[in-house]
Amino acid sequence: MPAVQETVERVRRIDVDQYRYGFETLIESDKAPKGLSEDTVRFISAKKDEPAWMLEWRLEAYRRWLTMTEPTWARVNYPKIDYQDLYYYSAPKPKKTLSSIDEIDPEILKTYEKLGIPLREVAVLEGVEPPPGGPPSANRKIAVDAVFDSVSVATTFQKELKAAGVIFMPISEAIREHPELVQKYLGTVVPTSDNYFATLNSAVFSDGSFVYVPPGVRCPMELSTYFRINERNTGQFERTLIIADKGSYVSYLEGCTAPQRDENQLHAAVVELVTLDDAEIKYSTVQNWYPGNSEGKGGIYNFVTKRGDCRGRNSKISWTQVETGSAITWKYPSCILRGDNSSGEFYSIAISNGFQQVDSGTKMIHLGKNTSSRIISKGIAAGKSQNTYRGLVSAHRKATGARNYTACDSLLIGDKCGAHTVPYVEAKNSSATFEHEATTSKISEDVLFYCIQRGLSQEEAVGLVVNGFVKDVLQQLPMEFAVEAQKLISISLEGSVG
Amino acid sequence: MSLLEVKDLQVRVEEREILHGLSLTVNPGEVHAIMGPNGSGKSTLSHVIAGKPGYEVTGGQILFKGEDLLEMAPNERAAKGVFLAFQYPVEIPGVTTWNFLHAALNAQRKARGEDEISSPAFLKKVREVAKSLNIPQDMLKRGVNVGFSGGEKKRNEILQMALFEPAVCILDEMDSGLDIDALRIAADGVNALRSPERAMVVITHYQRLLNYILPDFVHVMSKGRVVKSGGKELALELEESGYAQFEDAA
Ligand SMILES: Nc1ncnc2c1ncn2[C@@H]1O[C@H](COP(=O)(O)OP(=O)(O)O)[C@@H](O)[C@H]1O
Ligand SMILES: [Mg+2]
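These protein sequence lines are chains A and B, in that order. Add 50 to a position in the first sequence, counting from 1, and you land on the number used in my numbering. For the second sequence, position 235 (counting from the first letter as 1) is numbered 217 according to my numbering, and the numbering increases by one without interruption.
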């Protein structure tokens, strides 16, 4: 069955108010007192058994945050966030210290099963059909780190990774077990002072994933983290740090879900990537936080800072994102092209429906010589949503031979939504070649009718046309994710045409 | 029972009446040609039969195998066997032709309560059909109509017709934009699909097409009405004397 058709089939069977992950898991949790103060920061640090340097780092961030103000330049509107009305730490109450996956609370395991995430150490063998034009199905393994509210609950395939020399563990553990690596790289890509949300994250981050791939190693499997917010009124602040040492390669996948809630929940993550000489990181995200209901109530506020530093020569960082969830998305995965001949890529599908507001894009900062970057952005706006691409491409005075290609395409479904493109370009040397293309189109009635005359329903027709529109980006995703993403795209556009 | 019965059909577009009481009866196995000058309402008729939005039916009815066609959603009509070969087939970038055809065929099968057809089985079927119509396999891998020549687009319509096996095929200006060789190939494809169960309604401006697809009946349309019906000789008559003689009748 063609993947799109399969998508549509599956969607049909899902009988929820659009969002299929909106269930809550009933488990006991261990929370920090509500509100934010130095004590909250100390509480989190103590819970994690952190060394003194880490606590100092956090406190410094916290003090700086107190002096900062929330940014207002993005094209998003939301009521003022009361930072004192949130919980900053919530952990599922463990029965005892966990030493194997079998000791995880069965309720949590069930949750991940419902989400279709394999926490058991089994290879992903399911014979899923590749997306159109995609690679044939291969039996591949994915190592998973699952973060539930504020803590990491399981990291699979530890032994195999260890044999390859790859470190993949919750960052809270890495701080204790590999302090030299964490201290060397943490905050060097996104400094604690970077921006309001990143600074807040630096003060209160609770968990996230840490990856170190040693020189010359090609990570033997995809690494994956799934984030889930479960607790009410809880902010989620993950911190991810990935280092690809010289000549190494790693592909990393990130997925996220949250229950349906009437109130808004805050999510402010920081992701830092570092590639040394000849190394490559491929980072893929399928962001599916709860978008709010059909009246615009509830949903996640997603304020994320993601940045990669191509520190070494010939290094490469590639971001691929499929953004379908969240009430508000404020997110600009970026690349600093510091090493000569380094390259950065940003492939994005951002879908907004209902009352969602998306302000997303990328920054490509060319510092080294002969650096290149590529940006392919596909924005799809439906319902009453607003969808903005915001991008910066800059070349430093010394970045001779810098090259960028940018293509931003927007597709509008209906006439109550908006798509906006805000590109900034700064070339400080004359040898830079920057190309920019942008299109905005409406989904055509004639195209829809053509599909419908051939037997497809209106929704199937929209799903098909949109999946075609985003194909170039879908092809960048690892296969399992591409199939998942196709489904999500159709789900998130349900009810977008009347 | 007739396959398709259009009775005294009146249609408006944006408050303006385009069809003023049009009737047409089509039986299984028959090929009807509808001829008429530009603007006489031929495409409007085909769109209303297929259920395109934007047309207001203010009078009359359309029966398909005795059922009220106007009550059915357009995709339901397709599943029941109404096929429209478009004058201007659209392009769908990023969606491969075979993927599109598979999705459409399965949607139709499902609507009829039939089992879906698996990818391998479908691939085999579509390859056979393409081969029988001399359609190169690589067309199936390309985006739907993207970068297709005029002739290729029309052949893609005929491929779909062959694949979906509809009961009634309406071909709107299949000959427009085709040179004589492309026209011949397309007409061969259509002729191969003639059968005692299937009916065709061939809409055309020019008599030329009817040299290749021989109709059983010819209807002349003018200003939203059928003004004359007859056998295939009517087409030749038209070729000699033109449409002008019918303008007054309308
Ligand atoms: N969407 C529309 N809006 C306004 N007028 C239309 C529309 N579609 C068709 N018409 C008018 O209806 C008449 C018949 O058009 P059409 O059915 O396309 O004729 P034909 O196919 O015979 O050339 C023409 O006068 C045309 O201008
Ligand atoms: Mg016409």
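Glycine included, C-beta positions come from ideal geometry on N, C-alpha and C. These numbers were taken from a predicted model, which means no experiment stands behind them.
Check                                                                                                               : Outcome
Proximal residues to A111(A) (C-beta, below 7 Å), its chain only, five neighbours per side dropped                  : T242, T249, S252, A253
Buried versus exposed call for N189(A) [16 or more other C-beta atoms within 10 Å across all chains shown]          : Reliability fails at N189(A), whose pLDDT of 42 lies under 50, so the model's placement of it is uncertain and no value is given.
Supposed contact pair F405(A) and G362(A) - C-beta distance, whole angstroms, cut 8 Å                               : So it is not a contact: roughly 43 Å between Cβ atoms.
Straight-line Cα distance separating G33(B) from G(-4)(B)                                                           : It should be noted that the sequence gives Glu, not Gly, for residue -4(B). E(-4)(B) and G33(B): Cα-Cα distance of roughly 16 Å.
Status (buried if at least 16 other CB within 10 Å, exposed otherwise) for S398(A)                                  : buried
Alpha carbon of L175(B) to alpha carbon of P197(B), nearest angstrom                                                : 14 Å
Reference A89(B), options L514(A), P83(A), H486(A), I415(A), closest by Cα                                          : L514(A)
Near ligand 1: S365(A) beta-carbon under 6 Å from a heavy atom                                                      : no
Through-space distance from V77(B) to P182(A), alpha-carbon basis                                                   : The predicted model places P182(A) with a pLDDT of 38, which falls under 50 and marks its position as unreliable, so this point remains unresolved.
Cβ-based neighbour list, Q436(A), same chain, cut-off 6 Å, excluding 5 preceding and 5 following                    : Q407, G468
For G429(A) and L524(A), the rounded distance between their alpha carbons                                           : 13 Å
is_contact[W512(A), chain B] using C-beta, thresh 7 Å                                                               : Checking the sequence shown, residue 512(A) turns out to be Val, not Trp. Judged by the 7 Å Cβ criterion, V512(A) is not in contact with chain B.
is_contact[P148(B), chain A] using C-beta, thresh 7 Å                                                               : no
S577(A) and V267(A) closer than 7 Å at C-beta                                                                       : Residue 577(A) is absent from the structure shown; chain A starts at 51 and stops at 548.
Cβ-based neighbour list, A164(B), same chain, cut-off 6 Å, excluding 5 preceding and 5 following                    : G133
Any non-hydrogen atom of ligand 2 closer than 6 Å to K135(B) Cβ                                                     : no
Residue closest to A431(A), alpha-carbon to alpha-carbon, out of L211(A), S540(A), I293(A)                          : S540(A)
Chain B within 7 Å of R388(A), Cβ atoms only                                                                        : no
Proximity test, Cβ basis, 7 Å: Q536(A) and chain B                                                                  : no
E139(B) classed as buried or exposed, judged by whether at least 16 other C-beta atoms fall within 10 angstroms     : buried
Own chain partners of G358(A) with C-beta closer than 6 Å, once the 5 adjacent residues on each side are dropped    : L323, I367, C385
Pick from I225(A), K296(A), L538(A) that is closest to W103(A), judged by C-alpha positions                         : I225(A)
Through-space distance from A86(B) to T79(B), alpha-carbon basis                                                    : 11 Å
Segments assigned alpha helix (DSSP H), at least 4 residues, entirely inside the segment 43 to 129 of chain B       : 56 to 62, 79 to 93, 101 to 114, 120 to 123
Contact residues within the segment 517 to 534 of chain A, judged by C-beta distance below 8 Å to chain B           : N517, G518, F519, V520, K521, D522
Given S256(A) as reference, the closest of F531(A), Q233(A), S95(A) once Cα atoms are compared                      : S95(A)
Assigned exposure category for L175(A) - 16 Cβ within 10 Å defines buried                                           : Residue placement at L175(A) is flagged as unreliable, the pLDDT there being 29, under the threshold of 50; a coordinate-derived value is accordingly withheld.
Same chain, Cβ closer than 6 Å to A169(B), five either side skipped, listed in chain order                          : Y194, I195
Inter-residue Cα distance where the pair is I463(A) and I493(A)                                                     : 6 Å
K34(B) CB to nearest heavy atom of ligand 1 below 6 Å                                                               : no
Proximity test, S25(B) beta-carbon vs ligand 2 heavy atom, cut-off 6 Å                                              : yes
Neighbour flag for V497(A) against chain B, beta carbons, 7 Å                                                       : yes
Cβ neighbour criterion (16 or more within 10 Å) applied to I64(A)                                                   : Model confidence at I64(A) stands at a pLDDT of 32, short of 50, so the residue's coordinates are unreliable; what they give is reported in the following sentence. I64(A) should be labelled exposed.
Euclidean distance between Cα positions of Q536(A) and S376(A)                                                      : 18 Å
Y474(A) - partner residues in DSSP beta bridges                                                                     : L442(A)
Close-in-space but distant-in-sequence residues of the same chain around V216(A) (CB under 6 Å, 5 per side omitted) : V263, C269
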